[in-house]
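Here the working numbering is used: the first residue of the sequence shown is 455, the next is one more, and so on.
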Amino acid sequence: MPKLLEGKLALVLGIANKWSLAYAIAEAFSREGAELALTCLAPKYKEGLADLTRDFRVAGIVPCDVTKEEEIQALHDWLSGLGRPVDVVVHSLAFANREDLARDFVETPRSGFLLAQEVSAYSLVAIARAVAPLMTAGGSIITLTYLGSIRVVPNYNVMGVAKASLEASTRYLAGDLGPRNIRVNAISAGPVRTASARAVKDFSSILDVVPKRAPLRRNTDPAEVADTAVFLASDLGRGVTGNVLFVDAGMQIMGL
Ligand code: IMJ
């Protein structure tokens, strides 16, 4: 089978470790022949990320804290210096204060609400604005979301509201960037044991429930999230924009 992403340059934000969904996506993109540009939260993570992605075709690793406009500008400048179009962006970032996930949503302080919105939702808008001018051959922007945006999931709280904002941002960005043949979509992944999920109270019980209830009777494999990202990034996804695609073993359709 021919490789689906041969000749494409993909910017991937959000690889923290080998359990990250962004790592599984980078691995699948690599398998399909893409070249990768990667970001890490701070310079101290650069070496670890280089080790982790040793076997992939990596054009470079740039530190980028998405709450700092100057770091997003520096990312733009670095990508611009590569002298070739960016074809794909994967946004796989989120953060909320741990205390705000644990407490009742009604108790969410203003500061925690705004922080979750800034890191988890506004960052997609900021990255799209910085990178879209470099997507001169059209392209695909992909973000990661979760069911807690449209349903009340225990302990998800302030992140659920941030993901609702992220999904609405996906649609408005798709509206704006469609005329430039840039597609914008979100993948809503089922629960996966990543670093940001392991920190969550009772996460194991969630992973125990899904195989009993979901139509496919199993949990979500990061590799199937990654293959959906390959589809969206490739020409196969050319007619799809502004969508939220559920890759969750069907869990989302269940009423009980
Ligand atoms: C997170 C919290 C509560 C329930 C959860 C999750 N479920 C899942 C997640 C059921 C699947 C993971 N998820 C989808 C997230 O978006 C996680 C975001 C997150 C996690 C942390 C933990 C550590 C921390 N801040 C965080 N910010 C965002 O300090």
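The C-beta atom is built at its ideal place from N, Cα and C for all residues, glycine as well.
No experiment lies behind these values; they were computed from the predicted model shown.
Give the secondary structure of E678 by DSSP, where H, G and I count as helix, E and B as strand, and everything else as coil. The residue given as residue 678 occupies position 224 in the sequence shown. Three-state result, E678: helix.
In the DSSP output, which residue or residues are listed as bridge partners for R637? Position 183 of the sequence shown holds residue 637. In DSSP, R637 forms a bridge with S594.
Tell me whether P587 sits in a helix, a strand or coil according to DSSP, three-state version. Reading the sequence shown from its first residue, position 133 is the one you call residue 587. DSSP places P587 in helix when its eight states are reduced to three.
Using CA coordinates, which residue listed in G693, D689, V694 is at the minimum distance from K457? The residue given as residue 457 occupies position 3 in the sequence shown. Comparing Cα-Cα distances from K457 to each of G693, D689, V694, the minimum goes to D689.
Based on Cα-Cα distance, which residue from N635, A643, A550, E489 lies nearest to S565? The count along the sequence shown starts at 1 and reaches residue 565 at position 111. Of the candidates N635, A643, A550, E489, the one whose C-alpha sits nearest the C-alpha of S565 is A550.
Could you check whether A582 and I595 sit closer than 7 Å to each other, using their CB atoms as the reference points? The sequence position of residue 595 within the sequence shown is 141, counting from 1. The sequence position of residue 582 within the sequence shown is 128, counting from 1. For I595 and A582, yes; Cβs fall inside 7 Å.
Contact test: S619 Cβ vs ligand 1 heavy atom, cutoff 6 Å: Numbered from its first residue, the sequence shown carries residue 619 at position 165. Every heavy atom of ligand 1 is 6 Å or more from the Cβ of S619, so no.
Close beta carbons around L459, own chain, < 7 Å, minus the five adjacent residues each side: Stepping through the sequence shown from its first residue, residue 459 is reached at position 5. Counting only Cβ-Cβ distances below 7 Å, and skipping sequence neighbours, we find F483, E486, G487, A488, V684, A687, S688.
Please determine, among M613, P633, P563, Q571, the residue with the shortest C-alpha to C-alpha distance to G593. Counting from one through the sequence shown, the residue named residue 593 turns up at place 139. The shortest Cα separation from G593 among M613, P633, P563, Q571 belongs to P633.
Short check: CB of A513 to CB of A491, under 7 Å? Looking up residue 513 in the sequence shown gives position 59. Looking up residue 491 in the sequence shown gives position 37. Against a cut-off of 7 Å, the Cβ pair of A491 and A513 comes out as a contact.
Pull up the DSSP beta-bridge partners for E489, would you. The sequence position of residue 489 within the sequence shown is 35, counting from 1. In DSSP, E489 forms a bridge with L463.
Taking A702 as the reference, give the member of S658, Y626, Y600 with the closest Cα. Stepping through the sequence shown from its first residue, residue 702 is reached at position 248. Sequence inspection shows Asp at residue 702; the Ala mentioned does not correspond to that position. Ranking the options by Cα distance to D702, first place goes to Y600.
State yes or no: is the C-beta of L578 within less than 7 Å of the C-beta of S623? Walking along the sequence shown from the start, residue 578 turns up at place 124. Walking along the sequence shown from the start, residue 623 turns up at place 169. In contact: L578 and S623 (Cβ atoms closer than 7 Å).
Terminal residues of the beta strand (DSSP E) in which G514 lies: Reading the sequence shown from its first residue, position 60 is the one you call residue 514. Taken as a continuous stretch (DSSP letters only), the beta strand (DSSP E) holding G514 covers 512-517.
I need the DSSP call for F700, collapsed to helix, strand or coil. Translated into the one-based positions of the sequence shown, residue 700 becomes position 246. If DSSP states are grouped into helix, strand and coil, F700 belongs with the strands.
Please determine, among V694, G696, T682, L661, the residue with the shortest C-alpha to C-alpha distance to M705. Translated into positions along the sequence shown, residue 705 becomes position 251. The shortest Cα separation from M705 among V694, G696, T682, L661 belongs to L661.
Any heavy atom of ligand 1 inside 6 Å of the beta-carbon of M705? As a working note, residue 705 is residue 251 in the sequence shown. No, since every heavy atom of ligand 1 falls outside the 6 Å radius drawn around the Cβ of M705.
Output the boundary residues of the alpha helix (DSSP H) element that contains V612. Position 158 of the sequence shown, counted from the first residue, corresponds to residue 612. Start and end: 611-631.
Rounded straight-line distance, which links the Cα of A504 to that of M708: For this step, residue 708 is matched to residue 254 along the sequence shown. For this step, residue 504 is matched to residue 50 along the sequence shown. The straight-line gap from Cα to Cα measures roughly 41 Å.
Thinking E481 and T521 are a contact (beta carbons under 8 Å), I'd like their distance in whole angstroms, please. The sequence position of residue 481 within the sequence shown is 27, counting from 1. The sequence position of residue 521 within the sequence shown is 67, counting from 1. Going by Cβ atoms, the distance from E481 to T521 rounds to 27 Å, so no, they are not a contact pair.
Where V543 sits in the DSSP three-state scheme: Your numbering for residue 543 matches position 89 in the sequence shown. Strand, per DSSP.
Heavy atom of ligand 1 less than 6 Å from the Cβ of L568, yes or no? Position 114 of the sequence shown, counted from the first residue, corresponds to residue 568. Answer for L568: no, Cβ out of range of ligand 1.
If you draw a straight line from the C-alpha of V615 to the C-alpha of E621, how long is it? Taking the first residue of the sequence shown as position 1, residue 615 is located at position 161. Taking the first residue of the sequence shown as position 1, residue 621 is located at position 167. Their Cα atoms are separated by approximately 10 Å.
Could you give the first and the last residue of the continuous alpha helix (DSSP H) run that contains A548? Position 94 of the sequence shown, counted from the first residue, corresponds to residue 548. Here A548 belongs to no alpha helix (DSSP H), and DSSP marks it neither H nor E.
Mind listing which residues have their beta carbon within less than 6 Å of any non-hydrogen atom of ligand 1? Chain order is fine. A548, F549, A550, R552, L555, Y600, V607, N609, Y610, M613, P645, S650, A651, A653, V654, I660
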